[in-house]
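Numbering (this note's numbering), first residue to last: 122 to 498.
Just so it is clear, CB atoms sit at the ideal spot from N, CA and C, and this is done for glycine as well.
Treat the numbers as computed from the prediction; the structure is a model and nothing was measured.
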Ligand SMILES: *Cc1c(COP(=O)(O)O)cnc(C)c1O
């Protein structure tokens, strides 16, 4: 075929740039209207020389740390020219991300479809639908990816794909990411540079952002990632095998995955701990009682990890600050984790862990907690 000479082609307009400009403005406007989240410093009498700090991400407009991620994923799609006027947004989610993405889709007047397992909490489903999003349900956690791809194809839409793009959609050098915010909020504390940051993993995006930021800023703080039952992050980290999978889905909503997600970056993690689900839920109850408001299950995992690291530090007579995250509020789990009948039906015996945690937080005595964890192995 003979190539066309250049003058035969009319120069194109810059297609849809006006829509993209308005969309980016709307997203930046949402950020401008938001205040930074609190870094709270609850006091526990048994902790000598150790301070806990919790970054409260439950106070974002859509109730979780996924507000940051959803804004970043949508911005990333628009700036890559993949999201345009009318593009259907599709996501595979265990719920929180879909709630936040539904909010941004509504803000930009774009259709949104969330693919989730059918046991996703009623509250999250209601929130997605409130923002005009549609929910598509599958039976098992490992089925969400293929279903999301298929719906993306059918609608000629854009798959936001948090499990792949979380780590790269967030600007890890700063730009008000969670790590930059935490370290600047710590500046006037007695121990301004934390010994450890403890974080659970869903996409792995938050831990990736924190781990990268530590290196970028030359900080000595170490990163401990806490994993749950029915998740392969821990095994993937220990063995270096990214192809590990597991059959059953995680019971702690928002975290623990049946495959080692592409966004999970083992190379920036200093240590990992696998925490029994009953311990996560006990820690969720204990923290909620002590700060007088309810937090979600993954926050329980984080809090248990904080106590575990603190117990070991105290044994070695070490002092310092430890930071973790309140990922979402307990309001989403009234029917489940906060319902005694549900706990019983699902065979979670949280009482032994609850007692051991309370003893540790009140007296600093770590022996019972440690004995329970050893017995669970
Ligand atoms: C996503 C999520 C997490 C984990 O954050 P990632 O950055 O995805 O690893 C923790 N808790 C809740 C409730 C979440 O939705």
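(request) On the DSSP bridge assignment, give the partners of residue 321 in chain order. (result) On the chain shown, residue 321 is found 200 positions in, with the first residue counted as 1. 347, per the DSSP bridge assignment.
(message) Only counting the same chain, and skipping five residues up and downstream in sequence, which positions put a Cβ closer than 6 Å to that of residue 204?
(response) Here residue 204 refers to the residue found at position 83 of the chain shown. Result list for residue 204: 198 and 279, in chain order.
(message) With DSSP as the reference, identify every bridge partner of residue 213, one or two as the case may be.
(response) If you number the chain shown from 1, residue 213 lands on position 92. DSSP, once it has assigned bridges, lists 236 as partnering residue 213.
(request) Compute the beta-carbon to beta-carbon distance between residue 222 and residue 262, rounded to the nearest angstrom, for a pair I have assumed lies under 8 Å. (result) Here residue 222 refers to the residue found at position 101 of the chain shown. Here residue 262 refers to the residue found at position 141 of the chain shown. Their Cβ separation, rounded to whole angstroms, is 18 Å, which puts residue 222 and residue 262 out of contact at 8 Å.
(message) Let me check you understand the geometry: is the CB of residue 419 closer than 6 Å to at least one non-hydrogen atom of ligand 2?
(response) Ligand 2 is absent from the structure shown, which contains only ligand 1.
(message) Can you confirm whether the region 211-221 touches the region 277-295 when touching is taken to mean that 3 or more C-beta pairs between the two stretches lie within less than 8 Å?
(response) yes
(request) Within its chain, find whatever has a CB closer than 8 Å to the CB of residue 145; leave out the 5 residues flanking it on each side and keep chain order. (result) Walking along the chain shown from the start, residue 145 turns up at place 24. Contacts found: 196, 199 and 200.
(request) Count the other C-beta atoms from every protein chain shown that fall within 10 angstroms of the C-beta of residue 129, then say buried if there are 16 or more, exposed otherwise. (result) Looking up residue 129 in the chain shown gives position 8. Residue 129 is exposed by the Cβ-count criterion.
(request) Could you check what DSSP says for residue 445 in three-state terms: helix, strand or coil? (result) The residue labelled residue 445 in the question sits at position 324 within the chain shown. Strand, per DSSP.
(request) Out of 467, 489, 471 and 484, point me to the one whose CA is closest to residue 477's CA. (result) Here residue 477 is taken as the residue at index 356 of the chain shown, counted from 1. Ranking 467, 489, 471 and 484 by Cα distance to residue 477 puts 489 first.
(request) For my contact list, residue 442 and residue 174 are in at a C-beta cut-off of 8 Å; report their separation, rounded to the angstrom. (result) If you number the chain shown from 1, residue 442 lands on position 321. If you number the chain shown from 1, residue 174 lands on position 53. With a Cβ gap of about 6 Å, residue 442 and residue 174 count as contacting.
(request) Take every Cβ of the region 414-421, pair it with every Cβ of the region 290-307, and state whether three or more of those distances are shorter than 8 Å. (result) Taking a contact to require three or more Cβ pairs closer than 8 Å, the region 414-421 and the region 290-307 do not qualify as touching.
(message) In the DSSP assignment, the beta strand (DSSP E) including residue 407 goes from what residue to what residue?
(response) Numbered from its first residue, the chain shown carries residue 407 at position 286. Not the beta strand (DSSP E): residue 407 falls in the alpha helix (DSSP H), residues 398-412.
(message) Please list the terminal residues of the continuous beta strand (DSSP E) segment that includes residue 393.
(response) Residue mapping note: residue 393 aligns to position 272 of the chain shown, counting from 1. Its beta strand (DSSP E) spans residues 392-395.
(message) Let me check understanding here. Comparing Cα to Cα, which of 339, 472, 324 and 308 lies closest to residue 187?
(response) The sequence position of residue 187 within the chain shown is 66, counting from 1. Comparing Cα-Cα distances from residue 187 to each of 339, 472, 324 and 308, the minimum goes to 324.
(request) Would you mind working out which of 486, 450, 444 and 353 sits nearest residue 162, comparing C-alpha positions? (result) Here the question's residue 162 lines up with position 41 in the chain shown. Closest option to residue 162, Cα to Cα, is 444.
(message) Would you call the region 338-357 in contact with the region 381-394, where contact means no fewer than 3 C-beta pairs closer than 8 Å?
(response) yes
(message) Can you tell me where the beta strand (DSSP E) holding residue 462 begins and where it ends?
(response) Taking the first residue of the chain shown as position 1, residue 462 is located at position 341. Element bounds for residue 462: not the beta strand (DSSP E) but the alpha helix (DSSP H), 461-466.
(message) Looking at the strands, I want to know which residues DSSP matches up with residue 259.
(response) Sequence index remark: in the chain shown, residue 259 carries index 138 (1-based). Its beta-bridge partners are 238.
(message) Rounded to whole angstroms, what is the Cα-Cα separation between residue 320 and residue 193?
(response) Here residue 320 refers to the residue found at position 199 when the chain shown is read from its first residue. Here residue 193 refers to the residue found at position 72 when the chain shown is read from its first residue. Distance between the alpha carbons of residue 320 and residue 193: 20 Å.
(request) Run the proximity test for residue 498: is its beta-carbon closer than 6 Å to any non-hydrogen atom belonging to ligand 1? (result) The residue you call residue 498 lines up with position 377 of the chain shown. Flag unset: Cβ of residue 498 not near ligand 1.
(request) Use the C-beta contact count for residue 332: other C-beta atoms within 10 angstroms, 16 or more gives buried, fewer gives exposed. (result) By 1-based counting over the chain shown, the position of residue 332 is 211. With 16 or more other Cβ atoms within 10 Å, it is buried.
(message) For residue 500 and residue 469, what's the separation of their Cα atoms in angstroms?
(response) Beyond the ends of the chain as shown, which are 122 and 498, falls residue 500; an answer cannot be given.
(message) At a threshold of 6 Å, does residue 177 count as lining ligand 1 (C-beta to nearest heavy atom)?
(response) Taking the first residue of the chain shown as 1, we reach residue 177 at position 56. Residue 177: no, Cβ never under 6 Å from ligand 1.
(message) Using only the alpha-carbon positions, how far apart do residue 183 and residue 177 sit?
(response) The residue labelled residue 183 in the question sits at position 62 within the chain shown. The residue labelled residue 177 in the question sits at position 56 within the chain shown. If you take the alpha carbons of residue 183 and residue 177, they lie about 13 Å apart.
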